[in-house]
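Residue numbers (the numbering used here), protein chains in the order written: chain E, 88 to 350; chain P, 208 to 452.
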């Protein structure tokens with residue numbers, strides 16, 4: 088564990104001076120401040136913020152993550168000539184990617200809420216869930232980014248693949264579910280829809296939030312289905328576990344590719 | 208100190224090393240020479256674990272090193288083109304490696320002074336010139352007083368003053384019993400430093416032994432001419448073989 092923490096410390100030192108991460112933090116700061124001013128402090132602001140989170144976190148994390156992983160050649164070459172195991176370097180670099188992005192998101196969203204005194208007894212739970220969903224999505228798309236960068240050595244093609252995956256998971260997929268729901272509306276399709284939602288981390292994160300906001304019907308077909316079938320702690324736990332798997336599985340494949348790679 | 212047997216490495220259809228057997232004796236300077244793309248850097252990278260060989264064995268003091276990391280605590284490496292995390296300062300890099308090696312013991316800061324690095328230690332690496340980065344690179348290779356130093360084209364990007372300081376340092380450390388693996392295109396430089404040379408050609412060992420033996424074998428006066436003569440000889444032999452077919 089200690090080599091991983093040591094590597095992470097220096098990767099953080101490098102990444103925190105990166106303009107992307109600072110810009111990402113400022114974006115969330117401004118976006119949540121503006122939303123609070125426009126939509127007030129109620130669930131409407133939360134839903135708007137949720138939509139921003141569901142689109143933007145996957146996009147920024149997967150694009151930044153792919154570029155970051157390709158750009159870590161310097162760290163790789165320097166550290167792999169030291170008595171450092173490849174797996175320690177991998178975990179240190181991955182933590183150095185996910186931690187600053189998560190911190191920028193959490194701080195960017197929380198600071199305006201604190202300043203506007205928008206956190207009351209009933210909204211604390213929702214805010215915590217929103218932050219959890221955002222951090223989980225950062226982990227998921229960080230792992231996918233690292234896997235793409237490990238498999239596609241060419242930087243531009245890697246970036247293209249990353250954008251393609253984002254488009255598929257964050258934009259096209261829900262349209263696909265909606266199409267299924269409308270086409271087969273006379274059939275019992277709730278179970279297949281739940282299964283299909285687990286196949287997409289963005290839907291899982293959406294479900295996690297919607298189960299606790301009384302606006303499921305406004306947020307696409309999957310939300311409505313989940314509200315009905317998985318409302319309550321079991322649904323939350325299932326969605327969180329799904330997001331965990333979505334981080335671990337691509338992460339393990341990425342580690343395998345990293346171990347076999349020539350530098 | 209280092210012994211490789213049957214080392215092979217291909218990148219797709221391109222075979223870079225074919226059954227390479229090399230011995231690097233302790234306390235000597237072994238120079239790996241050869242034209243571009245002859246496998247020198249790949250050989251160094253395999254020793255360091257950066258590149259994984261397709262087959263073959265590498266022993267470091269009799270112990271196999273494949274898949275291991277701890278043995279690298281005994282190696283200092285100066286790569287051909289110094290790459291460092293851009294936003295870190297030289298001082299951060301020195302601190303990071305000291306931290307990772309967990310060593311508070313013997314530290315050799317001599318090159319930081321000799322190469323006049325003190326004024327740039329607080330500057331982010333991205334603002335340093337290529338030559339200055341290469342000086343940081345040299346100081347890092349010697350920092351932990353390692354048993355084995357692998358220096359890949361060490362003087363290529365250095366100014367004459369830094370280059371001669373580095374060569375003096377190599378000589379002093381060799382006299383203290385450290386082992387070196389050097390690669391360079393400047394064969395006159397190797398002639399003055401190397402105890403042994405290994406001549407790689409098309410991924411195979413074409414000659415291994417003392418520089419004087421290569422000079423004797425080819426009847427040439429300098430290492431550069433001797434190497435050129437071997438390469439010319441090989442080419443004309445290959446041409447003759449081609450014609451005979």
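All C-beta atoms, glycine included, are put in the ideal place defined by N, C-alpha and C.
Looking at the backbone, the Cα of residue 323 (chain E) and that of residue 298 (chain E) are separated by about 8 Å. The beta carbon of residue 242 (chain P) does not come within 9 Å of any beta carbon belonging to chain E, so the residue lies off that interface.
Within the region 160-185 of chain E, contact with chain P at the beta-carbon level (separation under 9 Å) is assigned to 160, 161, 162, 163, 164, 165, 166, 167, 168, 169, 170, 171, 172, 173, 175. In its chain, beyond the 5 residues on either side, 326, 329, 330 have a beta carbon closer than 6 Å to the beta carbon of residue 291 (chain E).
When DSSP reads this structure, residue 364 (chain P) sits in no beta bridge, so it has no partner. The beta carbons of residue 223 (chain E) and residue 115 (chain E) sit no closer together than 9 Å. Close to chain E, meaning a Cβ-Cβ distance shorter than 8 Å, are the following residues of the region 262-287 of chain P: 276, 277, 278, 279, 280, 282, 284, 286. Beta-bridge partners of residue 332 (chain P) (DSSP): none assigned. In this structure residue 144 (chain E) is in contact with residue 221 (chain E), their Cβ atoms being roughly 5 Å apart against a cut-off of 8 Å. Note that the C-beta distance between residue 245 (chain P) and residue 407 (chain P) is below 9 Å. Note on residue 393 (chain P): under 16 other CB atoms within 10 angstroms of its CB, so exposed under the neighbour-count rule. By the Cβ rule, the region 264-279 of chain P counts as touching the region 162-171 of chain E, because three or more pairs are nearer than 8 Å.
Per DSSP, residue 208 (chain P) lies in no alpha helix (DSSP H) segment and is marked neither H nor E. Along the region 90-116 of chain E, going in chain order, the ones with a CB nearer than 9 Å to a CB of chain P are 90, 93, 94, 96, 97, 98, 100, 101, 102, 103, 104, 105. Under a criterion of Cβ atoms nearer than 9 Å, the residues of chain E adjacent to residue 257 (chain P) are, in order, 163, 164, 167, 168, 349, 350. Inter-segment contact for the region 328-339 of chain P and the region 359-366 of chain P is present: three or more beta-carbon pairs are separated by less than 8 Å.
The beta carbon of residue 436 (chain P) sits closer than 7 Å to those of 425, 427, all from its chain and outside the five residues before and after it, given in chain order.
For residue 308 (chain P), the chain E residues whose Cβ falls inside 8 Å of its Cβ are 169, 170, in order along the chain.
Around the beta-carbon of residue 111 (chain E), 16 or more other beta-carbon atoms lie within 10 Å, marking it buried.
Annotation: the region 204-242 of chain E contains no complete segment of the beta strand (DSSP E) (minimum length 3 residues). DSSP, reduced to helix, strand and coil, places residue 144 (chain E) within a helical segment of the structure shown. The Cβ of residue 212 (chain P) sits no closer than 9 Å to any Cβ of chain E. Classified as exposed, residue 313 (chain P) has fewer than 16 neighbouring CB atoms from the shown chains inside 10 Å of its CB.
One alpha carbon belongs to residue 213 (chain P), the other to residue 229 (chain P), and they sit about 9 Å apart. Looking only at P:328, P:402, P:351, the smallest Cα-Cα distance to residue 296 (chain P) is reached by P:328. When only Cα atoms are considered, residue 259 (chain E) and residue 289 (chain E) end up about 11 Å apart.
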